[in-house]
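Here the working numbering is used: the first residue of the sequence shown is 8, the next is one more, and so on. Accompanying notes for the structure given below.
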Amino acid sequence: MKITQERFVHEFKKRLAEKFALDVKDAAPIELYQTLVSVVKSGYSEIWRNTWKSYVKNDQKQVYYFSIEFLPGRLLKSNLLNMGWYDVVDKGLKQMGLSLDKISESEVDMALGNGGLGRLASCFMDALASDGLPGNGNGIRYKYGLFKQKFVDGYQIELPNEWLTDGNNWAVARKSKAVDVLMGGQVHLIDNGKYLEAIYEGADVIKAVPYDTGIVGYRNDHVNTMRLWDAQIPASEEVKYPTIEDRRRVEDLTSVLYPDDSNYEGRILRLKQEYFFTSAGIQSITRHYKKYDRPLNEISEHIAIHINDTHPAMCVAEFMRILLDKEHMDWDEAWQQTVKTMSYTNHTIMAEALEKWPVEMLAKVQPRILQIIQEIDRRYALELEGKKDHDFIERTRIIKDGMVKMAHLAIIGSHSTNGVAKLHTELLENDVLRDFYELYPERFNNKTNGITVRRWLQVANPELAKTIDQAIGTAWRFDAKKLHELKNHVGDKKLLEKIGKAKLDNKKKLAAFIKEDTGIEVSPHAIFDVQIKRLHAYKRQLLNLLHIVKLYLDLKDDPNRDVEPRVFIFGAKAAPSYHYAKAIIKCINEVANMINNDKTINDKLKVVFLENYGVSLAEKIIPAADVGEQISTATKEASGTSNMKLMLNGALTVATLDGANIEIKDYVGEDNIFIFGLTKDEVLEYEKNHHYRAAEYYDNDPVIKRVLDAFVDGTIPNIEVEGHEIYDSLLRVNDEYFVLRDFASYVQVQEAVSEAYKDKQNWNKMCLVNIANAGYFSADDTVEKYAKEIWNIKPNATEMKG
Ligand code: 26Q
């Protein structure tokens with residue numbers, strides 16, 4: 008993918024004229040953006056085609072990553088970077104009097120996910136392509152992305168996210184590759200003499216139309232595909248859907264993304280979505296496989312299917328359905344191929360997030376799938392009879408008390424189950440999935456999450472990236488582990504200064520954005536302390552807030568107190584139905600108002616809650632962060648990935664020993680991270696013995712008492728209702744997430760942060776150590792481990808890297 012500045016400028020002007028009949032000076036930002044996308048797309052389309060052809064020619068084993076969420080964010084800059092076009096296009100646009108930064112702002116985020124799980128899927132897509140691996144995404148093309156968040160009087164309001172209004176310029180609709188998905192109705196099995204034939208009666212036929220997006224690898228002439236499915240009415244069935252409501256029923260299928268994060272809701276439409284994209288994906292994979300007349304009893308040698316959390320767990324049953332009903336394979340052979348083909352990642356140990364669907368609901372969505380799951384379950388129990396006791400079988404079987412347990416289906420129907428950080432996998436093995444670990448120890452493995460260093464450093468933080476180049480060269484851009492060479496430069500004062508300078512520049516930019524977005528003025532010389540993630544009780548934004556209130560009250564007592572100025576920055580959406588999380592949002596906003604408008608506080612303390620947190624906002628906040636808050640109750644956060652993004656950008660982490668924080672601590676060393684709070688063993692001990700009494704902490708710690716009272720005695724204005732809710736959740740409901748238990752040690756570690764910030768050179772040294780170790784969390788390496796240890800796929804042999 009080569010281009011010169013001259014050719015780019017020529018091509019850009021030509022397309023602008025063809026597409027819009029405009030000159031550069033007359034074009035609106037959106038027109039410039041769409042023109043640029045079309046130039047970029049034409050730059051990789053041939054390679055996209057060739058990549059696919061080479062898979063077929065080399066008969067390469069491919070992985071299909073099934074995920075109900077993908078969260079790619081904007082694609083323009085990331086594609087330019089990966090194509091090796093970034094600098095040329097940047098300069099070419101400047102030559103025409105245009106700005107890449109500005110044009111890029113016209114791109115609407117592709118926000119087809121809630122948070123960590125969807126963003127991980129997109130980091131993996133980028134890494135698969137950049138590793139030159141044959142890997143495809145399979146998901147849903149929601150018409151509305153994750154809701155847009157606004158604050159009105161401090162409350163979260165959700166607005167629809169109509170991301171497709173101007174069309175999506177990256178995707179290609181492939182109507183010719185549509186498949187029919189059958190849902191509802193009844194099914195009968197009839198012995199036709201040769202095999203059992205599944206006869207469907209009264210089922211809805213839904214046309215699944217794929218929209219393919221090219222996923223460009225980093226400078227390796229390799230472009231993979233992310234395939235997202237849209238639900239439509241088949242032409243042949245139009246008479247069956249005469250009314251607007253009938254049509255809506257079909258279109259609704261892929262209309263909205265469920266906005267619940269780490270929380271399971273048993274809605275039938277959600278179950279239909281799960282079956283829809285699972286079935287469409289499996290049908291298109293098997294249809295393609297058959298095109299080349301290869302024997303079906305070897306299919307697991309040619310394809311791997313990955314189940315990202317349990318949402319696509321019906322892959323197991325749908326794959327069986329195709330092998331049994333369409334290909335007439337016998338059960339044992341079909342089952343063998345299915346287990347060998349499937350693998351599953353678990354993303355949570357929280358009970359409320361584990362999917363269980365009522366049998367009747369599944370019967371309504373797809374009766375044949377229910378039958379197959381029932382048969383898998385029956386055979387599972389039968390197989391274990393005499394080998395395991397009755398209780399074990401009942402605990403682990405798929406269907407129990409009229410509910411289908413999706414995690415059990417995924418584990419029993421696959422050859423690999425992995426957790427997403429060491430601690431998380433350990434908890435799965437020894438606690439949550441202990442029985443299955445006993446049964447199938449060889450199936451369990453850990454794959455600690457990773458992030459794409461390209462988007463999160465090269466694109467988001469060009470100044471730091473250049474600083475790193477000057478110190479260690481550019482090889483890290485191809486292999487992020489090479490960032491560890493920075494460790495040889497901890498004594499380089501010039502470099503430390505430059506790292507400090509890049510941070511300050513990024514903070515100035517963020518300060519300008521904050522001013523524009525919220526009207527709040529913040530000093531770029533204050534500590535920028537950041538907590539960005541979904542709002543959830545276990546993530547403990549509340550602990551952060553209690554500490555802020557403490558700092559405020561201290562300053563009210565003694566306005567001349569010598570404090571290190573701090574700006575606390577929040578970004579977080581709450582699920583619309585998550586009442587408690589919304590109460591916390593309201594309280595953060597009211598505390599922010601109180602503090603920011605208090606003249607006696609001045610610049611010592613500011614609180615900023617930015618609206619509508621998402622991938623693009625993260626790209627603005629993360630490069631400017633001095634401190635990252637990773638303060639979930641130990642055992643609750645499976646991994647976390649913002650912890651990795653923040654350290655990569657030279658933020659120091661305030662952390663509990665939870666999720667991947669533990670591995671971060673092991674890499675950077677205790678001197679370069681701020682650890683506090685209960686350990687996993689302490690939390691498990693409390694949970695087992697029920698001897699935690701939150702009220703004792705209120706009674707015995709005057710600081711806690713004073714801070715909590717501020718929520719109910721009018722000190723913090725406008726939270727009459729929410730203040731009491733929070734107060735009660737801690738004192739009456741006994742503080743499920745040990746906020747009060749961890750408060751004192753949190754305060755202590757925050758004092759250490761302020762103290763450390765005084766010594767700028769040493770602070771920058773700590774930042775450097777964090778950056779140097781962040782390469783160990785590169786998604787490229789994580790995905791390589793999946794490829795070798797789970798999927799058994801290899802990089803495309805015909806390509807050259809570099
Ligand atoms: C399920 C059923 C019905 C409706 C919604 C859902 C649902 C939706 C989203 C359940 C879970 C999610 C998202 C979970 C998630 O994002 N988990 C996070 O995954 C990250 C990547 O592994 C981890 O880093 C985080 O620790 C984990 O919380």
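Glycine included, every Cβ here is placed at the ideal spot set by N, Cα and C.
#1: To the nearest angstrom, how far is the alpha carbon of residue 730 from that of residue 58?
#2: Report the CB separation of residue 634 from residue 574 in whole angstroms; it is logged as a contact under 8 Å.
#3: Would you check if the region 42-54 and the region 576-584 touch, i.e. whether three or more CB-CB distances between them fall below 8 Å?
#4: Please indicate yes or no: does the CB of residue 3 lie closer than 6 Å to some heavy atom of the ligand 26Q?
#5: Let me check understanding here. Comparing Cα to Cα, which of 22, 318, 330, 317 lies closest to residue 307?
#6: Going by DSSP, which residues form a beta bridge with residue 363?
#7: Give me whichever residues DSSP pairs with residue 311 in a beta bridge.
#8: With hydrogens ignored, establish whether the beta-carbon of residue 212 is closer than 6 Å to any heavy atom of the ligand 26Q.
#9: Tell me which same chain residues have a C-beta within less than 6 Å of the C-beta of residue 513, skipping the five on either side of it?
#10: Hey, would you say the C-beta of residue 439 is under 6 Å away from at least one heavy atom of the ligand 26Q?
#11: Could you spell out the range, first to last residue, of the alpha helix (DSSP H) harbouring residue 95?
#12: Does DSSP put residue 607 in a helix, a strand or coil?
#13: Please state if the CB of residue 134 and the CB of residue 818 are separated by a distance shorter than 7 Å.
#14: Report the three-state DSSP secondary structure of residue 534 (helix, strand or coil).
#15: Give a single yes or no on whether residue 789 has its beta carbon closer than 6 Å to a heavy atom of the ligand 26Q.
#16: The beta strand (DSSP E) that contains residue 203, what's its start and end?
#17: Would you mind listing the beta strand (DSSP E) stretches within the region 493-576 that are 3+ residues and don't spill past its ends, in chain order?
#18: Are there any heavy atoms of the ligand 26Q lying less than 6 Å away from the beta-carbon of residue 664, as far as the coordinates show?
#19: If we call anything under 7 Å between Cβ atoms a contact, is residue 175 one with residue 151?
#20: With DSSP collapsed to three states, give me the class of residue 809.
#21: Going along the chain, which unbroken runs of the beta strand (DSSP E) with 3 or more residues stay wholly within the region 296-343?
#22: Where are the beta strand (DSSP E) runs, 3 residues long or more, that stay fully inside the region 204-269, in chain order?
#23: What's the C-alpha gap between residue 806 and residue 139?
#24: Would you kindly report the start and end of the unbroken beta strand (DSSP E) that includes residue 164?
#25: In this structure, what does DSSP give as the bridge partners for residue 25?
#26: Taking the alpha carbon of residue 342 as the reference point, which residue from 164, 318, 286, 387 has its own alpha carbon closest?
#27: In whole angstroms, what separates the C-alpha of residue 714 from that of residue 601?
#28: Excluding five sequence neighbours on each side, which residues of the same chain lie with their C-beta closer than 7 Å to the C-beta of residue 809?
#29: Closest by CA to residue 37, which one among 23, 681, 285?
#30: Check for me: the alpha helix (DSSP H) holding residue 432 runs from which residue to which?
#31: Is it a yes or a no for the region 596-610 touching the region 483-496, going by three-plus beta-carbon pairs under 8 Å?
#32: Please classify residue 491: does DSSP put it in a helix, a strand, or coil?
#33: For residue 165 versus residue 271, is the C-beta distance shorter than 7 Å?
#34: Mind listing, in chain order, the continuous beta strand (DSSP E) runs of no fewer than 3 residues lying wholly within the region 166-191?
#35: Can you give me the C-alpha to C-alpha distance between residue 323 and residue 374, rounded to a whole angstrom?
#36: Measure the alpha-carbon distance for residue 314 versus residue 352 and round it to whole angstroms.
To lay it out plainly:
#1: 57 Å
#2: Actually they are not in contact, since the Cβ atoms of residue 634 and residue 574 sit about 10 Å apart, beyond 8 Å.
#3: no
#4: As displayed, the chain neither begins before 8 nor continues past 809, which places residue 3 out of reach and without an answer.
#5: 330
#6: 412
#7: 70
#8: no
#9: 630, 631
#10: no
#11: 93-102
#12: coil
#13: Lying outside 8 to 809, the shown extent of the chain, residue 818 is not represented and no answer is given.
#14: strand
#15: no
#16: 203-208
#17: 534-539
#18: no
#19: no
#20: Model confidence at residue 809 stands at a pLDDT of 34, short of 50, so the residue's coordinates are unreliable; what they give is reported in the following sentence. Three-state DSSP puts residue 809 in coil, outside helix and strand.
#21: 310-315
#22: 211-223, 230-239
#23: In this predicted model, residue 806 has a pLDDT of only 47, less than 50, meaning its place in the structure is not dependable; the value taken from the coordinates is given anyway. Going by the C-alpha atoms only, they are around 8 Å apart.
#24: 162-168
#25: According to DSSP, residue 25 bridges with nothing at all.
#26: 387
#27: 14 Å
#28: Low confidence applies here, because residue 809 scores a pLDDT of 34, under 50, leaving its location unreliable and the question unanswered by this model.
#29: 23
#30: 429-434
#31: no
#32: helix
#33: no
#34: 178-180, 186-190
#35: 15 Å
#36: 6 Å
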